[in-house]
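Going letter by letter, the sequence shown gives residues 877 to 1049 in our numbering. Have a look at the structure below before the remarks.
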Amino acid sequence: MDKSPATALPDQGKKPTPEQIERHLRHAQRVAERAIGLGHHPFGAILVGPDQETVLLEQCNIDTVNHAESTLARVAATNFASDFLWGCTLYTTVEPCCMCAGTAYWANIGRVVFGMTEHALLQCTGSHAENPTMSVSSRYVFDHCQKPVDLIGPIPAMEAEIAALQQRFWTTR
């Protein structure tokens, strides 16, 4: 499949450093922890500007159809120009499901970083009825898009920390 878009997209800008990736994923993890306090599932996402430093938005999970990533992407799309979003990075604790990956794509967010895979999440949830994890990777979704979304993850330095929060939460449900 030809990955060249019909119209030229701006450069996605500089890539985040490993230090920035870990710092921003820890921020997303704090958002996921806040979700628990609000009575929601432990998923968190943040949107970082093209400078790879400025946190523009943060969002915890709301419910089964308003995931942290898809809600954040919709808010971003209504508040920022699509060319600007192409240089932004969405950080999320767990790999975006196909709904969230598609929403990030349609919002024109040019880069997605995740800490732990959807497959690893399934190991933590035990196929819990409240979180029927899908086996469609975000890589599969992005590989079938016309725009080349930069996908980074999983991040080995963060996987155990993210998995621990997921396991603590899902074993109490």
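In this text, a Cβ means the ideal position worked out from N, Cα and C, and glycines have one as well. As the structure is a prediction and not an experimental result, all values here were calculated from the model.
Minimum C-alpha distance to Ile985 - residue among Trp962, Gly1029, Thr979, Ala1005: Here residue 985 corresponds to residue number 109 of the sequence shown, with the count starting at 1. Checking every option, the nearest Cα to that of Ile985 belongs to Trp962.
When the Cα atoms are used, what is the spatial distance from Phe956 to Thr1001? Counting from 1 along the sequence shown, the entry for residue 956 is found at position 80. Counting from 1 along the sequence shown, the entry for residue 1001 is found at position 125. Roughly 35 Å separates the two Cα atoms.
DSSP state of Arg1049 mapped onto helix, strand, coil: Stepping through the sequence shown from its first residue, residue 1049 is reached at position 173. In the three-state reduction of the DSSP assignment, Arg1049 falls in the coil class.
Which residue's Cα is closest to the Cα of Trp1046: His943, Gln1022, Thr947, His916? Translated into the one-based positions of the sequence shown, residue 1046 becomes position 170. Considering only alpha carbons, the answer is His916.
Classify Leu901: buried if its beta carbon has 16 or more other beta carbons within 10 angstroms, exposed otherwise. Residue numbering aside, residue 901 sits at position 25 when the sequence shown is read from its first letter. By the C-beta density criterion, Leu901 is buried, having at least 16 other C-beta atoms within 10 angstroms.
Three or more C-beta pairs closer than 8 Å, one from the region 1011 to 1020 and one from the region 991 to 998: is that the case here? At 8 Å Cβ cutoff, the stretches touch.
Quick one: what's got a C-beta closer than 8 Å to Glu898's C-beta in the same chain, skipping five residues either side? To locate residue 898, count along the sequence shown from 1; it is residue 22. Answer for Glu898: Ile1031, Ala1033, Met1034, listed in chain order.
Return the CA-CA distance between Cys974 and Val1017, expressed in angstroms with no decimal places. Start at 1 with the first residue of the sequence shown, and residue 974 comes out as number 98. Start at 1 with the first residue of the sequence shown, and residue 1017 comes out as number 141. Rounded to whole angstroms, Cys974 to Val1017 spans 6 Å at the Cα level.
Report all residues from its chain with a CB closer than 7 Å to the CB of Gly925; omit the five preceding and five following residues, and keep chain order. Locating residue 925 in the sequence shown gives position 49, where the first residue counts as 1. Cβ within range, chain order: Leu932, Cys964.
Distance, Thr1048 Cα to Thr893 Cα: As a first step, residue 893 is located in the sequence shown; it is residue number 17 there, counting from the start. As a first step, residue 1048 is located in the sequence shown; it is residue number 172 there, counting from the start. Computed Cα separation, rounded: 36 Å.
Between the CA atoms of Arg1044 and Ala983 - distance to the nearest angstrom: Indexing the sequence shown from 1 puts residue 983 at position 107. Indexing the sequence shown from 1 puts residue 1044 at position 168. Using only the alpha carbons, I get a separation of about 32 Å.
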